[in-house]
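Undergrad:
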Amino acid sequence: YEATISRLTRYKINIGSDPLTTDYSSRTVLLGESVSTGVPLTHESHAGGTVIFANDGTLLVSTGDNASYSSTDVGSASETYYQQAINDGILRPEENVGAFRAQMTTSLCGKVLRLDPNTGDGISSNPHYNGSNPRAPESRMWAMGLRHPFRMSIQPESGSTNPADGEPGTIFVADVGWGTWEDLHIFDKGGLNGGWPLFEGQTQLNSYYNSGTTNPDEGNALFKDNCPQPTNWVDNSDSTLRRYVHDRPEVAWKHGGTDEARVPWFSGTTPTDPRVGTAGSPTTGIQFRGNTAIAGVYITGNGLGSSMTGKYLFTDYVRNWINAATLTDGAQNWISDISELAPINTGAGIVHMMQNPLDGFVYYVNIYNGTLSRISFVGPEWTNEPTDMSVECDGTSDPGGAFATWLASFSGTVSCGNATVTDNSSGLSDLCGATGSETVTFTLSDECGNEITKEATFTIEDNANPTFNESLPSDDTVECDAIPTAATLTASDSCGSATVSFNESSVAGSCSNEQVITRTWTATDACGNEAIHVQTLTVEDNTDPTFNESLPSDDTVECDAIPTAATLTASDSCGSATVSFNESSVAGSCSNEQVITRTWTATDACGNEAVHVQTLTVEDNTDPTWTAEPSDMTFSCDGITDPADAFNTWLVSFSGEDTCGTAAVSNNNTGLSYDCNSVGTETVTFTLIDLCGNDISKQVTFTVENTLGVELESFEDIKIYPNPAFNSVTISGLKSDGKVLIYDILGKQVKDMSVQNKVAFGLDLPSGIYIIKIFENEKSTIKKLIIK
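Quick note on the working numbering: the sequence shown kicks off at 171 and runs consecutively.
(1) Please classify VAL822: is it buried, with 16 or more other beta-carbons within 10 angstroms of its beta-carbon, or exposed?
(2) From what residue to what residue does the beta strand (DSSP E) around ASN837 run?
(3) Between the beta-carbon of SER328 and the beta-carbon of THR340, is there less than 8 Å?
(4) Using a threshold of 8 Å, state whether the C-beta atoms of ASN639 and ALA661 are closer than that.
(5) Secondary structure at GLY186, three-state DSSP: helix, strand or coil?
(6) Could you check which residue in ILE942, THR613, ALA816 has the C-alpha nearest to that of THR553?
(7) Measure the beta-carbon distance from MET825 to ALA798 and round it to whole angstroms, keeping in mind my assumption that it falls under 8 Å.
(8) Indicate the three-state DSSP secondary structure (helix, strand or coil) for THR366 in the structure shown.
(9) Check each candidate in THR739, PRO636, GLN325 and name the one with the smallest Cα separation from GLN525.
(10) Do THR716 and ALA740 have their CB atoms nearer than 8 Å?
(11) So GLN525 is in the beta strand (DSSP E); what residue range does that whole segment cover?
(12) Exposed or buried, which one is ASP235 when buried takes at least 16 other CB atoms within 10 Å?
(13) Give every residue of the same chain whose Cβ lies closer than 8 Å to the Cβ of GLY879, excluding the five residues on either side of it in the sequence, and list them in chain order.
(14) Would a C-beta distance cut-off of 8 Å place GLY460 and ASP443 closer than the cut-off?
(15) Name the residue from LYS928, THR811, ALA696 whose alpha carbon lies nearest to the alpha carbon of ILE630.
(16) Candidates CYS618, PHE223, VAL346, VAL610: which alpha carbon is nearest GLU625's?
(17) Assess, as a yes-or-no matter, whether the segment 787 to 795 is touched by the segment 827 to 836 under the definition of 3 or more beta carbon pairs within less than 8 Å.
(18) Could you tell me whether the Cβ atoms of PRO307 and THR275 are closer together than 8 Å?
(19) Below 8 Å on the Cβ atoms is my guess for TYR171 versus TYR181; work out the distance and round it to an integer in Å.
(20) Using only the alpha-carbon positions, how far apart do ASP600 and GLY606 sit?
(21) Got a sec? Which residues, its chain only, sit under 8 Å from ASN402 by beta carbon, not counting five neighbours each side?
(22) So if DSSP puts PRO167 in a beta bridge, which residue, or which two residues, is it bridged to?
(23) Leaving out the 5 sequence neighbours to the left and right, which residues in its chain are closer than 6 Å to SER238 when beta-carbon positions are compared?
(24) Are the segment 367 to 384 and the segment 408 to 420 in contact at 8 Å, needing three or more beta carbon pairs?
(25) For the beta strand (DSSP E) containing ILE256, name the first residue and the last one.
(26) Looking at the secondary structure, which residues open and close the beta strand (DSSP E) in which PRO210 lies?
(27) Please go through the same chain and pick out, in chain order, the residues whose beta-carbon is closer than 6 Å to the beta-carbon of CYS650, but skip the five residues on each side of it.
(28) Contact defined as beta carbons within less than 8 Å: I believe PHE945 pairs with LYS909. What is the distance between those atoms, to the nearest angstrom?
(29) Less than 7 Å between the CB of THR454 and some heavy atom of the ligand SAM, yes or no?
(30) Three Cβ pairs or more, each shorter than 8 Å: is that satisfied between the segment 897 to 905 and the segment 923 to 940?
(31) Per DSSP, ILE952 forms a beta bridge with which residues?
(32) Skipping 5 residues on each side, what residues in its chain have a beta carbon closer than 6 Å to that of THR726?
(33) What separation, rounded to the nearest whole angstrom, lies between the Cα atoms of ASP959 and VAL446?
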């Protein structure tokens with residue numbers, strides 16, 4: 171023997187050749203292109219030995235620590251070829267630490283490497299990837315702390331298909347032990363540390379742990395300080411820091427003559443290693459022993475029977491048994507049960523195991539004679555396979571009895587012991603009405619735990635419609651105020667009860683009170699079967715509305731007593747009614763007389779009408795009345811105003827009114843017969859007559875008298891100023907106090923007052939022409955006064 175390296179070389183296969191041949195010209199060295207870049211080998215074993223593709227297409231390579239299996243190799247072990255390896259450039263002097271190379275990220279030894287299958291470079295998602303040197307050991311490392319990972323395998327369809335995610339899948343690594351324990355590791359993430367050589371199995375390996383060996387590449391830090399036992403199940407979220415905790419094997423089995431297998435567990439934060447199948451152990455199953463751990467295969471499909479699906483098979487090269495591990499989700503320990511699939515010495519020299527994807531069977535290789543063995547399986551088979559069954563719920567059959575018969579009617583054959591058919595039925599689940607259904611899983615199993623299942627469904631059906639209990643309402647034509655109330659219908663069903671729903675819809679007719687009503691009764695049983703009855707009602711409105719109030723009657727009224735037209739309202743049996751009003755008149759024999767016709771028309775929404783007509787005969791039999799009644803008048807001659815003017819003014823000064831219109835005043839005057847030289851009384855008859863000839867008369871007199879008399883003495887010096895005047899005047903020329911009488915233009919006296927010479931006195935008269943008569947003692951004079 172001498173020092174050498176492990177090298178990984180890629181070749182292409184000539185796919186078109188038969189048999190397949192290698193294209194040697196395609197040789198590409200992925201790892202170990204020189205003695206300085208390969209995996210150093212300093213002793214006769216521990217080279218590693220598995221190359222597999224991960225689920226993300228990257229290449230996984232297992233390597234051993236390449237240390238001595240004869241002694242505690244912490245470097246410079248005499249039985250190794252370390253010095254030659256250093257001299258030849260195979261081993262760096264810093265790597266001359268024996269088995270502790272497994273704890274160095276700077277060494278390719280004792281690792282699971284993850285490479286690019288095209289170049290051999292490390293993958294950028296590796297935990298210690300160095301972008302400036304992708305071929306450095308740390309760039310290529312995925313897991314560490316392994317002694318002799320001779321065989322490893324990967325769980326199909328685990329992890330990611332994208333290399334950048336850093337999830338190549340769940341890796342099973344069988345690490346061949348040294349003196350006491352064999353290990354089976356499960357690495358589901360990068361950077362995990364299997365603990366070798368500080369630990370073997372679940373426990374500390376004192377000969378190495380207490381050796382005081384340091385890491386020259388990390389400041390000569392003690393190796394034992396960088397890999398303590400864990401205190402919980404949680405892996406560090408930083409993949410670069412996972413190396414600093416021992417990732418214990420999922421099961422470790424012991425060398426020697428006693429079966430003993432242990433799994434990782436905790437008592438609080440203290441790591442423990444209970445034996446499989448003992449009290450307090452998380453893992454049930456068998457105890458076993460061995461000397462060389464061999465990783466096996468994760469079982470997919472039902473090729474080995476449904477009981478084996480998802481289990482992991484592993485073996486031991488020395489003992490040649492095959493065990494089956496039942497896996498958990500890995501949140502705590504990975505293995506919940508270990509059972510024996512094949513006993514000791516089933517084979518000889520088992521070094522590799524795979525599942526054929528075509529038949530689902532497992533094949534393994536015997537290294538001694540080169541034979542290929544198969545683990546096959548003949549599972550249970552149905553002879554009377556479960557099938558669906560349906561029965562009608564008609565009130566006469568016995569569905570419950572049929573169900574029980576159906577459950578017991580299926581059978582099968584097995585090759586391992588007796589066949590047993592079981593089902594998961596808990597009884598029919600209620601569906602609609604008296605129906606029911608259950609989907610039952612039937613299991614045909616053998617005594618080896620293999621089983622097949624088949625689902626079938628038993629159904630009690632209800633396909634019959636319910637029936638109405640009452641006579642069904644027929645179609646009809648009705649008045650809008652006589653729409654019948656919808657009938658209340660009930661229904662019966664042969665498979666339970668039935669409910670009746672009702673719906674009414676309408677389509678408007680030609681007017682708002684007319685319509686076509688469609689009434690629909692739907693009887694529905696619990697299973698949704700329906701019976702439907704439809705009634706059509708044609709609704710008409712042929713009835714006139716009616717007035718609400720007493721109707722005004724015909725009447726004869728005076729022209730001043732015409733009543734206000736009544737406000738009438740109306741009702742309609744099918745809705746509302748509006749009342750329109752019209753009034754017309756025909757003139758009578760005079761303008762105040764007429765015949766008034768008032769018409770009220772009540773109309774409903776469909777145009778039906780009720781009409782009321784009132785006739786009022788309007789007469790005028792009432793005399794007019796005076797508003798300015800004729801009265802006697804005496805005209806006093808003043809020497810200024812003409813009595814004829816006053817007479818004519820008097821004649822037109824009277825007026826009257828009529829309750830129904832106007833009234834005119836006439837008189838029988840033939841002219842004034844008197845003047846101031848010939849005084850006397852004129853008798854005049856005034857007549858007030860309305861438009862219909864009703865009249866009244868009054869006789870009054872107009873008297874002309876000379877009341878001013880003759881001036882006894884003329885006042886030559888008497889003056890009135892100002893004249894025209896406004897509110898006051900002054901008289902001058904009086905020798906003593908006097909008085910004045912003032913008359914309007916009609917000769918009516920309007921003032922009688924005392925005056926003094928040159929003393930102004932107020933008038934308080936409207937503007938106009940007046941006659942002022944001034945008296946002083948026995949003398950008087952008459953003047954004309956104008957007031958503005």
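We put the CB at the ideal spot given by N, CA and C, even for glycine.
TA: Straight from the coordinates:
(1) exposed
(2) 833 to 837
(3) yes
(4) yes
(5) coil
(6) THR613
(7) Going by the sequence as given, residue 825 is Ser instead of Met. About 5 Å; that satisfies the 8 Å criterion.
(8) The question names Thr, but residue 366 is Trp in the sequence shown. Three-state DSSP puts TRP366 in coil, outside helix and strand.
(9) GLN325
(10) yes
(11) 520 to 525
(12) buried
(13) Because the pLDDT at GLY879 is just 44, under 50, the model does not fix this residue reliably, and the point stays unresolved.
(14) no
(15) ALA696
(16) VAL610
(17) yes
(18) yes
(19) About 27 Å; that fails the 8 Å criterion.
(20) 5 Å
(21) PHE436, THR439
(22) The chain is shown only over 171 to 958; residue 167 falls outside these bounds and no answer can be derived.
(23) HIS213, ALA247, GLU249, THR250
(24) yes
(25) From DSSP, ILE256 is part of no beta strand (DSSP E) but of the alpha helix (DSSP H) over 252 to 257.
(26) 209 to 211
(27) ASN683, VAL709, ASP711, CYS744
(28) 5 Å
(29) What this structure holds is no ligand at all, so the ligand SAM is not there to describe.
(30) yes
(31) LYS943
(32) THR787
(33) With the chain covering only 171 through 958, there is no way to say anything about residue 959.
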